[in-house]
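**Q**
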Amino acid sequence: MSRYAILIKGIAKENPVFVLALGLCPALAVSSLVSNALGMGLATTLVLIGTNTVISILRNVIPDKVRIPCYIVLIAGLVSIVQMLVQAFVYPLYLALGIFLPLITVNCIVFARAELFAKKNKPFDSIIDAIGTGLGFTAALVAIATVREVLGHGSWFGIPIPGLAENSISLFSMAPGGFIAFGLIIAVISKISKGRAAKLKESGCASCPSCAACGKGGAE
Amino acid sequence: MSNFRKDYVRPILVLSVICLFCAWAVSAAFAVTEPVILQMEAERAREARLFVLPQADDFEYIEADLPDGVISAYRAINGAGFVFQSFARGYGGNVPFMVGMDADGRVVGIQMLSNNETVGFRERVSDPEYLALFHGVDSLPGILGVDSISGVTRTSDALKNALARALQAYELVRG
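Here the protein sequences come in this chain order: F and X.
Per our numbering, residue 1462 is the first one in the first sequence, and the count goes up by one each step.
Per our numbering, residue 17 is the first one in the second sequence, and the count goes up by one each step.
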């Protein structure tokens, strides 16, 4: 697979949120404002690049048996460092992300890329994969946040939209609005891709990281 | 023997080394960021107190057995008044407020702190115009004399209860 293809697949064909349905928790929680969504997306991308790089470099060192604890320790360490840096130097973002910043540790996207890609590929390809997936996640968050901020706050990226600002639907800035916006976007994507997006092989049960342990691989 | 090494020794060693390295990296990042974080926190707390009591120059913490619902009490060094942080139950749990009072116990500034009240409703209580109605109030009847906001009654009540608690604290610390 060419590097360009690796980069692009994370953004479109294997978009973590809209196609693989990974990382929905932060995608729904931190998408009420475009600025927060962008911050969350970039923080996750940063962590992804770090973890993919480290795990790819160590892919021949880490024994298969203990790879999951190793990944978790590495990811948690990196997230802690990012969290402290954000708290010290980008405090408004720290407030906006709240609990979801430390929760990047258990973000399935980070773990999925470690297990599905970085484990088997060279560091440079893994960085490209991390950037692609991270941008895909960021794009998805910004898309959901655009719907929610325009309808819920009557603004986009903090810029008020005349006519909407006075008639905002506050439901969209609350939790249910996240689900509604997500559902609407998924519906549009399914319509455009004629349902192909939802049936991607990699999102199936057989590709689950716990497939071997579960023993029901592919028996969907 | 080689199997034993491969199956047990190596995984344990690798995982231990990774854990040690991560612990070292996290503590190094902590050492770099901690002073910045602490300094910014102190600065923000000071600014928040100045916001409700702009006449003050600096604040000192008051050691006292404060009434229920009052988290902290600060005295302005220049005698401009006091700042209390108190909370009361609203619609979505406790709602904390920062309350500034002048030396005679009159409310001069109120700020709503982060809470879980419903977005879109709490803004009507934290609206500076509404909060300004409480300025100059120095007694419980005074607090109750200000109308609650219909539709946001529970959050309005939280504000009034928090103010009442701040008044109690004032009686305690005015010395």
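Ideal Cβ placement from N, Cα and C applies to all residues, glycine included.
(1) Return the CA-CA distance between residue 1644/F and residue 1550/F, expressed in angstroms with no decimal places.
(2) Report the rounded CA-to-CA distance for residue 89/X versus residue 47/X, giving the unit in angstroms.
(3) Is the CB-CB distance between residue 1491/F and residue 1558/F below 8 Å?
(4) Got a sec, what are the start and stop residues for the alpha helix (DSSP H) residue 1542/F sits in?
(5) Please go through the region 1575-1627 of chain F and give each complete alpha helix (DSSP H) segment of 4 or more residues, from N-terminal end onward.
(6) Indicate the three-state DSSP secondary structure (helix, strand or coil) for residue 1495/F in the structure shown.
(7) Count the CB pairs spanning the region 1516-1536 of chain F and the region 1582-1589 of chain F that are closer than 8 Å, and state whether there are at least three.
(8) Are the beta-carbon atoms belonging to residue 138/X and residue 131/X less than 8 Å from one another?
(9) If I'm right that residue 1468/F touches residue 1475/F with Cβ under 8 Å, what's the distance once you round it to whole angstroms?
(10) Can you name the start and end residues of the alpha helix (DSSP H) that residue 1476/F belongs to?
(11) Have a look at the DSSP bridge pairing and note the partners of residue 126/X.
(12) Any beta carbon from chain X within less than 8 Å of residue 1531/F's own beta carbon?
(13) Quick check on DSSP: helix, strand or coil for residue 101/X?
(14) Could you give the distance in angstroms between the alpha-carbon of residue 1638/F and the alpha-carbon of residue 1653/F?
(15) Put residue 77/X into one of helix, strand or coil per three-state DSSP.
(16) Alpha carbon to alpha carbon, how far is residue 60/X from residue 1553/F?
(17) Which residue's Cα is closest to the Cα of residue 182/X: 37/X, 160/X, 86/X?
(18) What residue range does the beta strand (DSSP E) around residue 86/X cover?
(19) By DSSP's criteria, residue 110/X is part of a beta bridge. Which residues make up the other side?
(20) Assign residue 69/X to one of three DSSP states: helix, strand, or coil.
(21) Cβ of residue 45/X less than 8 Å from any chain F Cβ?
(22) How far does the alpha helix (DSSP H) with residue 146/X in it reach, from first residue to last?
(23) Quick one: what does DSSP say residue 139/X is sitting in, helix, strand or coil?
(24) What three-state label does DSSP hand residue 1680/F in the structure shown?
(25) Any idea if residue 1680/F is buried or exposed, counting beta-carbon neighbours within 10 angstroms, 16 or more meaning buried?
(26) Could you check whether residue 1593/F and residue 1472/F sit closer than 8 Å to each other, using their CB atoms as the reference points?
(27) Drop a sphere of 10 angstroms on the beta-carbon of residue 1627/F, count the other beta-carbons inside from all chains shown, and report buried for 16 or more, exposed for fewer.
(28) Restricting to Cα atoms, I'd like to know which of 166/X, 119/X, 136/X is closest to residue 1630/F.
(29) Alpha carbon to alpha carbon, how far is residue 1632/F from residue 173/X? Give it in angstroms, no decimals.
(30) Of all Cβ atoms in chain F, is any one closer than 8 Å to the Cβ of residue 26/X?
(31) Would a C-beta distance cut-off of 8 Å place residue 1484/F and residue 1570/F closer than the cut-off?
**A** Here's the rundown:
(1) Indexing the first sequence from 1 puts residue 1644/F at position 183. Indexing the first sequence from 1 puts residue 1550/F at position 89. If I take the Cα positions, the gap works out to 35 Å.
(2) The residue you call residue 89/X lines up with position 73 of the second sequence. The residue you call residue 47/X lines up with position 31 of the second sequence. Their backbone Cα atoms lie some 31 Å apart in a straight line.
(3) Taking the first residue of the first sequence as position 1, residue 1491/F is located at position 30. Taking the first residue of the first sequence as position 1, residue 1558/F is located at position 97. Taking 8 Å as the cut-off, the beta carbon of residue 1491/F is found closer than this to the beta carbon of residue 1558/F.
(4) Reading the first sequence from its first residue, position 81 is the one you call residue 1542/F. It spans 1528-1550 - the alpha helix (DSSP H) in which residue 1542/F sits, taken as one unbroken run.
(5) 1584-1613
(6) Residue mapping note: residue 1495/F aligns to position 34 of the first sequence, counting from 1. In this structure, residue 1495/F counts as helix in the three-state DSSP scheme.
(7) yes
(8) On the second sequence, position 122 is the one that residue 138/X refers to. On the second sequence, position 115 is the one that residue 131/X refers to. Yes, Cβ-Cβ distance for residue 138/X and residue 131/X is below 8 Å.
(9) Working through the first sequence from its first residue, we reach residue 1468/F at position 7. Working through the first sequence from its first residue, we reach residue 1475/F at position 14. The pair is not a contact, with the Cβ atoms about 11 Å apart (cut-off 8 Å).
(10) Here residue 1476/F refers to the residue found at position 15 when the first sequence is read from its first residue. Note, residue 1476/F: premise wrong, no alpha helix (DSSP H); not H, not E.
(11) As a first step, residue 126/X is located in the second sequence; it is residue number 110 there, counting from the start. Within the DSSP bridge table, the entry for residue 126/X names 115/X as partners.
(12) Counting from one through the first sequence, the residue named residue 1531/F turns up at place 70. Yes, its Cβ sits closer than 8 Å to a Cβ of chain X.
(13) Position 85 of the second sequence, counted from the first residue, corresponds to residue 101/X. Strand at residue 101/X.
(14) On the first sequence, residue 1638/F is found 177 positions in, with the first residue counted as 1. On the first sequence, residue 1653/F is found 192 positions in, with the first residue counted as 1. Cα to Cα, the separation comes out at about 23 Å.
(15) Numbered from 1 along the second sequence, position 61 holds the residue referred to as residue 77/X. Note: residue 77/X maps to strand in three-state DSSP.
(16) In the second sequence, counting from the first residue as 1, residue 60/X sits at position 44. In the first sequence, counting from the first residue as 1, residue 1553/F sits at position 92. Near 12 Å, if we compare the C-alpha coordinates of residue 1553/F and residue 60/X.
(17) Within the second sequence, numbered from 1, the residue matching residue 182/X stands at position 166. Minimum Cα distance to residue 182/X is reached at 86/X.
(18) As a working mapping, residue 86/X is identified with position 70 in the second sequence. Going by DSSP, residue 86/X is part of the beta strand (DSSP E) stretching over 86-92.
(19) As a first step, residue 110/X must be located in the second sequence, where it is residue number 94. Looking at the DSSP output, residue 110/X bridges to 105/X.
(20) For this step, residue 69/X is matched to residue 53 along the second sequence. Looking at residue 69/X - three-state DSSP - the assignment turns out to be coil, as it is neither helix nor strand.
(21) Mapped onto the second sequence, residue 45/X falls at position 29. Yes, residue 45/X lies at the interface with chain F (some Cβ there is under 8 Å from its Cβ).
(22) Here residue 146/X refers to the residue found at position 130 of the second sequence. Here the alpha helix (DSSP H) through residue 146/X covers 144-147.
(23) For the purposes of this step, residue 139/X is identified with residue 123 of the second sequence, where counting begins at 1. Three-state DSSP puts residue 139/X in a helix.
(24) Stepping through the first sequence from its first residue, residue 1680/F is reached at position 219. Note that residue 1680/F has pLDDT 49, beneath the 50 cutoff, so the model's placement of it is unreliable and the number below is only indicative. If DSSP states are grouped into helix, strand and coil, residue 1680/F belongs with coil.
(25) Taking the first residue of the first sequence as position 1, residue 1680/F is located at position 219. Caution is warranted here: a pLDDT of 49 is assigned to residue 1680/F, below 50, making its placement in the model unreliable, and no coordinate value can be reported.
(26) By 1-based counting over the first sequence, the position of residue 1472/F is 11. By 1-based counting over the first sequence, the position of residue 1593/F is 132. For residue 1472/F and residue 1593/F, yes; Cβs fall inside 8 Å.
(27) Within the first sequence, the letter at position 166 stands for residue 1627/F. Exposed, by the Cβ-count rule.
(28) Counted from its first residue, the first sequence places residue 1630/F at position 169. Here the closest residue by C-alpha is 136/X.
(29) For the purposes of this step, residue 173/X is identified with residue 157 of the second sequence, where counting begins at 1. For the purposes of this step, residue 1632/F is identified with residue 171 of the first sequence, where counting begins at 1. Rounded to whole angstroms, residue 173/X to residue 1632/F spans 24 Å at the Cα level.
(30) On the second sequence, residue 26/X is found 10 positions in, with the first residue counted as 1. Taking Cβ atoms only, chain F reaches closer than 8 Å to residue 26/X, which makes this a yes.
(31) Here residue 1484/F refers to the residue found at position 23 of the first sequence. Here residue 1570/F refers to the residue found at position 109 of the first sequence. The answer is yes: Cβ separation under 8 Å.
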